[in-house]
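Heads up, the sequence shown is in numbering that gives the first Met the number 0, so the first residue is 0 and it goes up one at a time.
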Amino acid sequence: MKTACQNKQKMKTTPFDNYCAILLSECFIQSGIDLGSLKGARCWSHPGKKHILRAEELANSLKAKPPAGFCQAQKVVPGTFQEVLKGKTGVIFFKDYWQRGKESFDSRSGDHIDLWNKNEITSSSMFTRGILEFFGRVSDFNKSKEIWFWEIK
């Protein structure tokens, strides 16, 4: 991305807090995937192709209408995703795996969507992530309420 998507408001302009759906949207745009038929709130801070802002909205839209080359969404049991998806390539969505603000663990609503490349997400090494999870620095993907996967062939 040449410039960061900005959350332009009357009083201030800052980058959006969570970028996973924006980055995946940019990946799709650069790969020639048309986002026009996908539903979800869009970035309004720049001209041209508009990124989808929220992971769950992007995932719901992919589930309803997967782009060409995508398989139908597959639900994966949390705690087994690394083994089940080993060697596969596609898009992975972790639903309700981290706590926002003052949410309790049971009412957590933080999501993540990313590319899955054979045995890890592309935004970070699963080994490094495992260490950070152990020390409580990041939330554990294995504790997602749901995991969805779209294999790309």
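Here a beta-carbon is modelled for each residue, glycine too, at the ideal position from N, C-alpha and C.
Item, Value
"For S60 and G39, believed in contact at Cβ under 8 Å, the rounded distance", "6 Å"
"One or two residues paired with R41 in a DSSP bridge", "I51"
"Where I146 falls: helix, strand or coil (DSSP)", "strand"
"Buried or exposed (CB count within 10 angstroms, at least 16 for buried), F92", "buried"
"Distance CB(I21)-CB(G89) smaller than 8 Å", "no"
"Test item: CB-CB of S228 and K94 under 8 Å", "Limits of the chain in this structure are 0 at one end and 152 at the other, which puts residue 228 out of reach."
"Residues near R99 by beta carbon distance below 8 Å, same chain, minus five either side", "R107, S108, G109"
"Straight-line Cα distance separating S103 from F27", "34 Å"
"Neighbour-count burial assignment, S30, 16 or more Cβ in a 10 Å radius", "exposed"
"Beta-carbon contacts of H111 that lie in its chain and below 7 Å, excluding the five residues immediately before and after", "C19, A54, F93, Y96"
"K74 versus W43 - alpha carbon distance", "32 Å"
"Close Cβ partners of C70 (< 8 Å) along its chain, the five nearest in sequence each way excluded", "G89, W149, E150, I151, K152"
"CB contact flag (H50, E25, <8 Å)", "yes"
"F80 - containing alpha helix (DSSP H), residue span", "80-83"
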